[in-house]
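Chains as they are written, first to last, in the working numbering: chain U, 19 to 100; chain L, 3 to 150.
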C-alpha cells in the first residue's frame, strides 16, 4: 500500500490496516498525548492518543526517516558502548 | 506478589510496558469477580511467580506474554514453559505490538495463541474476550458466569 492509498482511507479503516499490517517501532510522550510509531510498507505512521490504545486523536504519515528522530533520541546508547 | 484469592481464576501477564500493563488490568476489571490478574515486568519474574504458585498447588488458567521484554523475553518463556511438563498444559498467549508472520508461526509451533495489541477501544474490548477464549471451556464458563 502506498502512503497516498493509506491517507485517502477513512480513519477507522486506517486503524484496521495498521492493526493488521503495521510493524511497531516505538512510543513516546508528547505533552499529555502518547504517540506510537509504526511502519507500513515504505512509510511511517504516528498514532496520537489522548488515552493510550483507547482514544486516537489523529494519525500522521511520512516517508521520511526524520519521523524516527524523537524515538531514536530515547535510546540510551551508553549501554552499547564498551 | 500478593497471595491470590483461591476462588478466582488466575491469569499471569508479563510485560515491561507499564502502559500496556495498566491497559490489560483495566480491561480485566469487568471480570473482577472471577479473575485475578497478576502482572509481572519480565519473563523471569513470571517464571518465579509460577514456581511460587506451584508450591502452593495453584495453577493459573492463562499466561499472557509480551514478546519484547528485558531479562527474558516472551518467546524464551514460552519455550521454557512447554519444556516443563508441569506447566506445558497451561494455555499461553503471545501478546505483541505487531502481527509479524514469524512470531505468529513461533506461537503456533509451541501451541500458543497470538494476539496483536489493540490500537483503539473497540479492538481492546474484543481482545479481552479473545484472551478468555484461550482458557479451557470449563474456565471460560466460570469466568463468564456473571454475564450469562
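Quick reminder that beta carbons are idealized off the backbone N, C-alpha and C, glycines included.
Since I believe residue j is in contact with residue i (beta carbons under 8 Å), could you give me their beta-carbon distance rounded to a whole number of angstroms?
{"i": "residue 48 of chain L", "j": "residue 55 of chain L", "result": "10 Å between Cβ atoms; not a contact."}
{"i": "residue 9 of chain L", "j": "residue 37 of chain L", "result": "The pair is not a contact, with the Cβ atoms about 11 Å apart (cut-off 8 Å)."}
{"i": "residue 65 of chain U", "j": "residue 53 of chain U", "result": "7 Å"}
{"i": "residue 96 of chain L", "j": "residue 105 of chain L", "result": "7 Å"}
{"i": "residue 2 of chain L", "j": "residue 64 of chain L", "result": "No answer is possible for residue 2 of chain L: it lies beyond the span of chain L, which begins at 3 and ends at 150."}
{"i": "residue 25 of chain L", "j": "residue 70 of chain U", "result": "7 Å"}
{"i": "residue 36 of chain U", "j": "residue 56 of chain U", "result": "6 Å"}
{"i": "residue 67 of chain U", "j": "residue 100 of chain L", "result": "Not quite, the Cβ-Cβ distance comes to about 17 Å (not below 8 Å), so this is no contact."}
Should residue i be flagged as near chain U, meaning a C-beta pair shorter than 8 Å?
{"i": "residue 123 of chain L", "result": "yes"}
{"i": "residue 102 of chain L", "result": "yes"}
{"i": "residue 25 of chain L", "result": "yes"}
{"i": "residue 99 of chain L", "result": "yes"}
{"i": "residue 118 of chain L", "result": "yes"}
Chain L partners of residue i, CB-CB under 8 Å?
{"i": "residue 73 of chain U", "result": "122, 123"}
{"i": "residue 37 of chain U", "result": "101, 118, 120, 121, 125"}
What residues are listed by DSSP as bridge partners for residue i?
{"i": "residue 48 of chain U", "result": "U:51"}
{"i": "residue 117 of chain L", "result": "L:97"}
{"i": "residue 64 of chain U", "result": "U:55, U:78"}
{"i": "residue 13 of chain L", "result": "L:39, L:64"}
{"i": "residue 73 of chain U", "result": "U:69"}
{"i": "residue 112 of chain L", "result": "DSSP, once it has assigned bridges, lists no residue as partnering residue 112 of chain L."}
{"i": "residue 41 of chain U", "result": "U:57"}
Going by other Cβ atoms of all chains shown within 10 Å of its Cβ, with 16 needed for buried, is residue i buried or exposed?
{"i": "residue 28 of chain U", "result": "exposed"}
{"i": "residue 73 of chain L", "result": "exposed"}
{"i": "residue 26 of chain U", "result": "exposed"}
{"i": "residue 77 of chain L", "result": "buried"}
{"i": "residue 120 of chain L", "result": "buried"}
{"i": "residue 98 of chain L", "result": "buried"}
{"i": "residue 32 of chain U", "result": "buried"}
{"i": "residue 19 of chain U", "result": "exposed"}
With a cut-off of 8 Å, does the C-beta of residue i fall near any C-beta of chain L?
{"i": "residue 53 of chain U", "result": "no"}
{"i": "residue 96 of chain U", "result": "no"}
{"i": "residue 41 of chain U", "result": "yes"}
{"i": "residue 64 of chain U", "result": "no"}
{"i": "residue 31 of chain U", "result": "no"}
Using the beta-carbon of each residue, which ones in chain U are nearer than 8 Å to residue i?
{"i": "residue 21 of chain L", "result": "45, 52, 70, 71"}
Please compile the residues from chain U whose C-beta is within a distance smaller than 9 Å of the C-beta of residue i.
{"i": "residue 126 of chain L", "result": "71, 72"}
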